[in-house]
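Residue numbers (the numbering used here): 43 to 423.
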């Protein structure tokens with residue numbers, strides 16, 4: 043996390059119209075891409091804020107990124123305001139314009155900054171702990187997709203081009219394997235063979251999209267549990283971290299969430315025997331997700347959910363192994379061979395998912411049938 047002394051905060055803050063005055067600035071959160079600071083207001087009845095330095099090495103077009111967030115949050119607020127028991131001021135991120143009218147400010151060092159209202163009374167968890175939390179996470183991301191289902195995805199730019207394009211990831215993998223600058227391929231031949239044996243299957247979602255069978259929708263693309271803010275009763279309140287919101291397929295968001303919640307071990311677990319599946323969390327997340335999405339998902343999107351659950355750990359393994367072969371240039375490593383260890387852990391997770399595919403797929407259908415039946419019975423039966 044950046045220290046408070048790295049930047050000219052008075053100059054940055056003077057570029058925005060803030061209510062009250064800032065009494066304290068301190069680092070905030072556990073994000074790895076952008077740097078976030080909490081701005082405590084000196085006046086009690088005025089809002090607190092979150093100041094973020096946008097990583098413009100990752101997000102190269104800050105104007106397009108900011109426009110995406112503005113379009114999405116405006117749409118969410120409009121839809122939520124039509125719901126009688128909802129509060130768009132608490133359930134949607136509120137980004138402040140700079141005095142220039144833009145939704146970001148570039149300082150004299152070339153850094154880009156934005157400011158959000160801080161949502162008081164909320165919390166997030168880096169690690170999911172209970173089935174109820176999994177349910178709320180599924181409900182939050184499902185509702186996010188449902189509210190944006192009627193928005194034209196072509197309005198949004200790709201903030202990270204080819205982010206979930208598995209063909210692009212496999213092409214980079216093949217190039218790294220061919221170049222093999224550090225002669226590392228010989229130590230990971232089983233992993234290379236495992237990846238290559240599944241290339242056709244793992245392009246299923248992409249091919250269905252190209253055939254017009256899966257619609258491009260607006261998806262979050264980073265559905266970690268800590269990207270959901272919960273209220274004090276652990277109920278989902280707001281989806282955050284909208285930098286990767288862009289056109290995509292619904293199965294990507296479902297699959298990425300399942301990848302992060304179903305694993306019984308760490309993402310880089312060395313002891314592969316510890317990697318199992320938490321089926322209870324899978325069921326809870328799926329129930330929450332489908333409770334919000336079942337009315338708009340097409341039959342093909344519904345069938346593709348299981349492919350998303352298989353694809354995302356595979357894609358992550360491909361990215362880790364590519365970086366290992368390439369010399370560890372992208373992901374930060376903490377010891378030699380860290381990216382290879384990460385890749386092996388993701389491939390073990392995928393093996394477990396493949397072995398339990400029939401069970402997981404049947405659970406998706408059972409939960410959907412139960413939700414449909416409950417809806418037909420009505421709330422008072």
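From the three backbone atoms N, C-alpha and C, an ideal C-beta is built for every residue, glycine too.
Restricting attention to alpha helix (DSSP H) runs no shorter than 4 residues, the stretch 249-333 encloses them at 292-304, ordered along the chain.
Within the DSSP bridge table, the entry for residue 77 names 95 as partners.
Sequence-distant partners of residue 227 (beyond 5 residues in either direction) whose C-beta falls short of 8 Å from its own C-beta, in its chain, are 219, 234, 367. The shortest C-alpha to C-alpha distance from residue 381 to any of 309, 393, 342 is the one to 309. Residue 256 counts as buried, since at least 16 other C-beta atoms from the protein chains shown sit within 10 angstroms of its C-beta. Each of 258, 411, 169 was checked against the Cα of residue 336, and the nearest Cα belongs to 411.
Shown here, residue 145 sits in coil according to DSSP, grouped into three states, outside any helix or strand. In the three-state scheme derived from DSSP, where H, G and I count as helix and E and B as strand, residue 64 is classed as strand.
In this structure the stretch 130-146 touches the stretch 103-114; the number of beta carbon pairs closer than 8 Å is three or more. For secondary structure counted as the alpha helix (DSSP H) over 4 or more consecutive residues, the stretch 320-407 holds these complete runs in sequence order: 321-335, 341-368, 380-397. When only Cα atoms are considered, residue 57 and residue 83 end up about 17 Å apart. In the DSSP assignment, residue 158 falls within the unbroken beta strand (DSSP E) covering 154-159. Taken through DSSP and simplified to helix, strand or coil, residue 107 comes out as helix. Here the stretch 87-94 does not lie against the stretch 174-184, with fewer than 3 beta-carbon pairs under 8 Å apart. In this structure, DSSP gives residue 165 an extended state, which the three-state scheme calls strand.
Within a 10 Å sphere around the beta-carbon of residue 76 sit 16 or more other beta-carbons, which makes this residue buried. Around residue 129, the same chain offers 122 as residues with beta carbons nearer than 8 Å, after the five sequence neighbours per side are excluded. Here residue 392 has 355, 356 as same chain residues with Cβ atoms under 6 Å from its own Cβ, once five neighbours each way along the sequence are excluded. Looking at the backbone, the Cα of residue 102 and that of residue 200 are separated by about 11 Å. Three or more beta-carbon pairs separated by less than 8 Å are not found between the stretch 359-378 and the stretch 334-350, which leaves the two stretches without contact. Selection 59, 204, 208 evaluated against residue 139 yields 59 as nearest (Cα-Cα). Secondary-structure assignment with DSSP links residue 69 through a beta bridge to 79. The DSSP-derived three-state label of residue 244 is helix. Three or more beta-carbon pairs separated by less than 8 Å are not found between the stretch 241-248 and the stretch 263-283, which leaves the two stretches without contact.
Less than 7 Å separates the beta-carbon of residue 67 from that of residue 81. A direct Cα-to-Cα measurement between residue 286 and residue 313 gives close to 32 Å.
In this structure, residue 334 places its C-beta atom within 7 Å of the C-beta atom of residue 184. Apart from sequence neighbours up to five positions away, the residues of its chain that approach residue 388 with a beta-carbon distance below 6 Å are 355, 358, 359, ordered along the chain.
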